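Going by UniProt numbering, 381 is the number at position 381 of the sequence shown; the sequence numbering is gapless. We put the CB at the ideal spot given by N, CA and C, even for glycine. Because the structure is a prediction, the values reported are computed rather than measured.
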Amino acid sequence: MTYDFTKRPNRLITHSVKWREVEKDQRLLPLWIADMDFYIAPEIKQAMADYVASDDYGYAYEAESLYQSVIDWESKRYGNTVIAEEILFVSGVVPSLSIALQALTAEGDAILINTPYYGPIPRTIQLLNRQLVKNELVNVEGRYQIDFDQLEQEIITHDVKVYVLCNPQNPSGRVWTREELSQIGNICLKHNVLIVVDEIHRDLTLFGNQHISFNTVDDAFKDISITLASATKTFNIAGTKNSYALIPNPSLRKKFTQRRMANNQHEVATIGLVATEAAFTHGEGWLDALKPVLEQNVTYVKDQLESQTNIKVMVPEAGYLIWLDFAAYGLNDEELKVKYRDEAGLILSEGTMFGSAGRQFVRFNIAAPFDVIQEACSRLVNVLAKDE
């Protein structure tokens with residue numbers, strides 16, 4: 001089947017969060033929050049249409065075929081052997097993180113994350129009255145690295161109970177290697193630290209990069225980890241609100257299950273169950289067709305911005321979010337926003353949303369037709385062109 005990524009739906013009539021500000025100012029071009037301006041796979045659309053046509057909108061249970069779709073996806077894409085009882089559905093990855101932290105830690109416990117970070121993660125930690133410990137990633141020639149000595153020292157100093165790891169990393173799209181994951185896991189084993197791994201962007205690896213699921217690195221890591229994943233980012237169905245936690249350890253799974261029930265988060269909307277099964281069962285062709293489109297957009301952004309402006313482009317190893325470094329301009333974050341927002345008319349994600357390590361950075365969503373990316377780059381070049 002041929003898929004068309006040159007067109008986009010009209011999102012001004014759908015109450016889209018991404019396009020909300022454009023309803024008031026048509027000059028703006030929104031390239032921020034992490035969903036795509038592409039049509040979804042027709043196979044998923046058909047599955048949802050069939051559900052609507054069924055005239056049954058009552059309570060639904062998770063079908064065996066849904067579990068099998070996850071099992072098959074995990075096995076084929078990541079070599080991860082999973083059984084149905086290890087799969088726990090929740091309405092989203094961030095709600096799953098909240099359940100995990102409530103189930104596995106107490107108020108005041110230290111939770112470690114890397115920075116720059118995905119904003120809802122520290123927000124969740126702090127709202128749960130846990131201690132937030134930040135481990136800053138090291139930018140080495142435009143690619144983030146982990147300082148493992150510093151990581152271990154922070155775990156010891158703060159008596160960290162849980163490490164929340166994003167793989168691929170958000171906002172940079174960095175894909176952690178098997179060797180890096182092995183080091184992380186062994187440090188956590190050494191210091192009795194549990195690890196919750198957010199792998200929501202993992203299906204979107206680009207440029208030959210390979211995602212390694214944490215659970216597959218070492219069997220010992222299965223006992224100390226919870227993996228959070230979803231079809232929603234991969235297949236542009238975030239509004240269907242479904243994700244799953246993979247928990248091989250029966251003790252951790254029992255605690256998670258009990259907290260999920262205590263929070264009344266054990267039910268997922270039927271549309272989420274339907275869309276997820278359709279995505280994992282029929283969506284692979286669409287995903288394979290999408291990736292070259294994203295790679296073309298990333299390559300174009302890098303070529304245009306680095307040749308015509310002083311912006312440094314951190315090429316994502318996975319995903320459709322580009323981390324742009326504006327430090328060369330010497331602007332503070334408010335001055336920078338005036339440039340890209342007021343003068344260029346672009347809605348981008350402010351770097352400070354990802355912590356202090358995001359100062360003078362901006363996150364740019366390139367999941368849109370190529371002509372949109374061309375227009376966005378043209379606007380940035382017009383405002384921030386290199387001096388002749």
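DSSP has residue i in a bridge; who is on the other side?
{"i": "I226", "result": "V196"}
{"i": "Q145", "result": "V138"}
{"i": "T205", "result": "A318"}
{"i": "T115", "result": "E136"}
{"i": "L29", "result": "L346"}
Could you tell me the boundaries of the beta strand (DSSP E) in which residue i lies?
{"i": "residue 465", "result": "The requested residue 465 is not part of the displayed model; the chain covers only 1 to 388."}
{"i": "K161", "result": "160 to 166"}
Figure out for me which residue from the options has the closest Cα to the Cα of residue i.
{"i": "T6", "options": "T299, E23, F38", "result": "F38"}
{"i": "residue 389", "options": "E107, V338, F256, H158", "result": "In this structure the chain extends from 1 to 388, so residue 389 is not present and cannot be described."}
{"i": "I366", "options": "P171, L165, I111, N114", "result": "P171"}
{"i": "L277", "options": "G185, A47, R77, P122", "result": "It is Glu, not Leu, that sits at residue 277 in the sequence shown. For E277, the nearest C-alpha among the options comes from A47."}
{"i": "A279", "options": "S230, D303, V301", "result": "S230"}
{"i": "A357", "options": "A327, Q126, T299", "result": "A327"}
{"i": "I212", "options": "L246, A245, Q169, T177", "result": "T177"}
{"i": "W323", "options": "P116, D333, V90, I13", "result": "P116"}
{"i": "A100", "options": "F361, A245, R359", "result": "A245"}
{"i": "K45", "options": "V164, T227, F235", "result": "F235"}
{"i": "V196", "options": "V175, I224, P250, N209", "result": "I224"}
{"i": "Q153", "options": "H191, G185, V383", "result": "H191"}
{"i": "I113", "options": "G79, A103, Q150", "result": "Q150"}
{"i": "K302", "options": "R174, I184, I373", "result": "I373"}
{"i": "N297", "options": "V82, G79, L31", "result": "L31"}
How would you write the range of the alpha helix (DSSP H) that residue i sits in, first residue to last?
{"i": "L246", "result": "Run containing L246: none in the alpha helix (DSSP H); it sits in the beta strand (DSSP E), 243 to 246."}
{"i": "R123", "result": "120 to 127"}
{"i": "E23", "result": "It is not in any alpha helix (DSSP H) - E23 carries neither H nor E in the DSSP assignment."}
Contiguous alpha helix (DSSP H) assignments of at least 4 residues, all confined to the region 45 to 113: 64 to 78, 93 to 104
Three CB pairs or more closer than 8 angstroms across the region 47 to 58 and the region 197 to 205: no
Touching by the beta-carbon criterion (3+ pairs, under 8 angstroms), the region 217 to 225 and the region 62 to 71: Two segments are said to touch when three or more pairs of C-beta atoms, one from each, lie closer than 8 angstroms; by this definition the region 217 to 225 does not touch the region 62 to 71.
Cβ contact (3+ pairs, closer than 8 angstroms) linking the region 106 to 120 and the region 234 to 241: no
The region 312 to 320 / the region 127 to 145 touching (three or more Cβ pairs under 8 angstroms): In short, these stretches touch, since the Cβ pair count reaches three.
Minimum length 3: unbroken beta strand (DSSP E) runs contained in the region 300 to 387: 312 to 314, 321 to 325, 361 to 365
Validate contact between the region 265 to 272 and the region 122 to 131 using beta carbons, cut 8 angstroms, 3 pairs: Touching, no, given that fewer than three Cβ pairs across the two stretches are closer than 8 angstroms.
Length-filtered (3 minimum) beta strand (DSSP E) runs lying within the region 230 to 282: 243 to 246
Three CB pairs or more closer than 8 angstroms across the region 24 to 40 and the region 365 to 381: Per the Cβ contact rule, the region 24 to 40 is in contact with the region 365 to 381 (3 or more Cβ pairs under 8 angstroms).
Segment contact flag, the region 369 to 385 with the region 341 to 361, C-beta cutoff 8 angstroms, min 3 pairs: Contact holds: three or more Cβ-Cβ distances are below 8 angstroms.
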